[in-house]
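Take a look at the structure set out below.
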Amino acid sequence: MHERLLSSIGSKIALNETAMNKLKQFFIPKKIRKRQYILNAGDVCQYITFVEKGMLRSFTVDDEGHEHVVQFAVEGSWISDMASFLSGKEALYNIEALEDSEVLNLGTQAMDDLMHQVPGMERYFRLLMQNNIIALQRRVVAYMSLSAEEKYLKLMEVAPDIMNRASQQHIASYLSITPETLSRIRKQVSNKK
Amino acid sequence: MATINTIAIIGATGNMGSAIAKSLSKPGSYRLLLMSNDTDELAQLYSQLKEPNTGTEIYSISCAREASWEADIIIVATQNDAEKEVAEKIREVATGKIVISISNPLNSAYRQLITSSDTSAAEELQKLLPNSKVVKTFNTTFAADFISSVIDEKTADVFIAGNNGDAVKTVSEVVKSAGFNPIIAGDLSVSRTLERMQLLRIRYTMNNSYNWLAGWKILHN
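Heads up: the sequence lines are chains A and B, in that order. For the first sequence, our numbering puts the final residue at 199, and the numbers step up evenly by one. For the second sequence, our numbering puts the final residue at 1519, and the numbers step up evenly by one.
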């Protein structure tokens, strides 16, 4: 139930048995069914969510009703509306399970307590935030300066798993291209091979 | 639109469990996970609730751990003497979640409580589930009250006791949704009083051969 979490934390900080048992107490284990939402835009995001099993996506909906996928989260990764979680203000994102999933939720108070009570957790979250900023910066740059094909190849390179598991529509939305463009790029790329 | 809380009812086919399930199955209120060891009765309850409430997400699950894992709020509606066994099964997956204790630790003749005066069924459950937020409620309510929460033209009061303020607030909403008037009675140790209140009422009802449609109401002006 906590295997992925413990290995994620264990890869960044040293964890002894006591610390492992202690830190489990701060996380709320939840099973979610495919298509179930764990956050609706307009609510306050109360948790940062670690994915033990399955896949989720965060997305926004624009005024015309079009969805824009912000992030996919598979096993071993975190997902939330960070701005809402940290500020207590309304979330912009919806978060939906794309597969039957098992997650671990960490609330604001629990996160604070965890950092105080388990040595090294402050460092873990600092590294997590750093990685978050790096990922965000890459995404912004990709969005501004890469061609559709370059964005596609980049995603293939860093997250081939997501390419296989997510729907074409969601991948196209994530890359800010139309499903038709995505399909064309796919053909081009496979012809080049 | 807020995400809908998921409530697991452990022991959903029992007298109280099924009454609670029916009262919470209105569309839009909650996702319901009905759990019982009796698979035949569970299937029956499921179709009984699902048909008139097609807008409500209702699932039947035969494993207490699975149901509690998927839930935000867990209602333990088993017999009091089965609570220990349930607690063992759900302990890990109930971490950080609200667990509602509805039971009254009555002896087999319904004449006395089996707990000593310095504790309660709710506090004992909290000891078994140290990482959960145990809240006492619905123990002063008879199963019949869930069908008709208005008695003698008054909405019956339902008392709530718990140590976590947010959990108590969330449970108040559940109580309201079931059709009752929630009254926050205090911390979890107040369960000692609440469980004895129900003993008083059961004895009173039995001694006078009254029917079971009866509730508590605090009157004040």
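For glycine and all other residues, C-beta sits at the position ideal for the given N, C-alpha and C. Keep in mind it's a predicted model, so treat the numbers as computed, not measured.
Around the C-beta of residue i, are 16 or more other C-beta atoms found within 10 angstroms, so that it is buried, or is it exposed?
i: ALA141 of chain A; result: exposed
i: ASP1455 of chain B; result: buried
i: TYR1502 of chain B; result: exposed
i: ASP1443 of chain B; result: buried
i: GLY1394 of chain B; result: buried
i: ASN100 of chain A; result: buried
i: LYS1504 of chain B; result: The displayed chain sequence assigns Met, not Lys, to residue 1504 of chain B. Classification of MET1504 of chain B: exposed, given that the 10 Å Cβ count is below 16.
i: ALA1407 of chain B; result: exposed
i: ALA1508 of chain B; result: Checking the sequence, you will find Tyr at residue 1508 of chain B rather than Ala. That one is exposed.
i: VAL1448 of chain B; result: exposed
i: TYR180 of chain A; result: buried
i: VAL67 of chain A; result: exposed
i: LEU1517 of chain B; result: exposed
i: GLY1463 of chain B; result: exposed
i: VAL146 of chain A; result: exposed
i: LYS1382 of chain B; result: exposed
i: ILE1318 of chain B; result: buried
i: LYS199 of chain A; result: exposed
i: PRO35 of chain A; result: buried
i: SER164 of chain A; result: Looking at the sequence shown, residue 164 of chain A is not Ser but Val. VAL164 of chain A comes out exposed.
i: PRO1480 of chain B; result: buried
By Cβ distance, which residues of its chain are closer than 6 angstroms to residue i, with the 5 residues on each side in sequence left out?
i: CYS51 of chain A; result: LEU45, SER86, ASP87, SER90, PHE91, ALA97
i: MET61 of chain A; result: VAL80, LEU104, GLU105, ARG171
i: PHE1440 of chain B; result: TRP1510
i: ALA25 of chain A; result: VAL124
i: PHE1478 of chain B; result: SER1447, ALA1454, VAL1456
i: PHE56 of chain A; result: LEU11, TRP84, LEU110
i: MET7 of chain A; result: PRO35
i: GLY1513 of chain B; result: ASP1443, ILE1449, ALA1454
i: LYS157 of chain A; result: ALA148, LEU181
My assumption, with CB atoms under 8 angstroms, is that residue i sits in contact with residue j. Please give the rounded CB distance.
i: ILE1372 of chain B; j: ILE1398 of chain B; result: 7 angstroms
i: PHE33 of chain A; j: LEU110 of chain A; result: 4 angstroms
i: ASN1461 of chain B; j: ASN1437 of chain B; result: The pair is not a contact, with the Cβ atoms about 16 angstroms apart (cut-off 8 angstroms).
i: LEU1511 of chain B; j: SER1446 of chain B; result: 6 angstroms
i: ALA20 of chain A; j: GLY126 of chain A; result: 7 angstroms
i: ILE1388 of chain B; j: ALA1362 of chain B; result: 6 angstroms
i: THR1304 of chain B; j: ALA1369 of chain B; result: 5 angstroms
i: VAL1473 of chain B; j: THR1417 of chain B; result: Not confirmed; about 24 angstroms, so no contact.
i: LEU161 of chain A; j: MET169 of chain A; result: 7 angstroms
CB residue i to CB residue j, shorter than 8 angstroms?
i: ILE1396 of chain B; j: THR1453 of chain B; result: no
i: SER1323 of chain B; j: LEU1347 of chain B; result: yes
i: ILE1302 of chain B; j: MET1333 of chain B; result: no
i: SER1316 of chain B; j: SER1475 of chain B; result: no
i: LYS28 of chain A; j: GLU108 of chain A; result: no
i: ALA1459 of chain B; j: SER1430 of chain B; result: no
i: ILE1359 of chain B; j: LEU1331 of chain B; result: yes
i: ARG63 of chain A; j: GLU23 of chain A; result: no
i: ALA1483 of chain B; j: LEU1426 of chain B; result: no
i: GLU120 of chain A; j: GLU58 of chain A; result: Checking the displayed sequence, the identity of residue 120 of chain A turns out to be Leu instead of Glu. Result no, Cβ atoms of LEU120 of chain A and GLU58 of chain A do not sit closer than 8 angstroms.
i: ALA1306 of chain B; j: LEU1340 of chain B; result: no
i: TYR130 of chain A; j: SER182 of chain A; result: no
i: GLU1493 of chain B; j: LEU1411 of chain B; result: yes
i: TYR53 of chain A; j: GLY16 of chain A; result: no
i: LEU1404 of chain B; j: LEU1497 of chain B; result: yes
i: ALA1420 of chain B; j: ASN1378 of chain B; result: no
Starting from the C-beta of residue i, find all residues in its chain whose C-beta is less than 7 angstroms away, skip the five residues before and the five after it, and write them out in chain order.
i: TRP1367 of chain B; result: VAL1391
i: MET1299 of chain B; result: At MET1299 of chain B the pLDDT is 49, less than 50, meaning the model places this residue with poor confidence; the figure from the coordinates comes in the next sentence. Hits under 7 angstroms: none found.
i: GLN1424 of chain B; result: VAL1432, LEU1486
i: SER14 of chain A; result: GLY82
i: SER1321 of chain B; result: PHE1444, ALA1476, GLY1477
i: VAL1466 of chain B; result: VAL1433, ILE1458, GLY1460, ILE1482
Can you name, in chain order, every residue of its own chain whose Cβ lies under 8 angstroms from the Cβ of residue i, other than the five neighbours on each side?
i: GLN194 of chain A; result: GLU155
i: PRO185 of chain A; result: GLN174, GLN175, ALA178
i: ASP167 of chain A; result: VAL80
i: ASN1335 of chain B; result: SER1360
Tell me whether residue i counts as near the ligand NAD, meaning its Cβ is closer than 7 angstroms to at least one heavy atom of that ligand.
i: ASN1313 of chain B; result: Looking for the ligand NAD in the displayed structure turns up nothing, as the structure carries no ligands at all.
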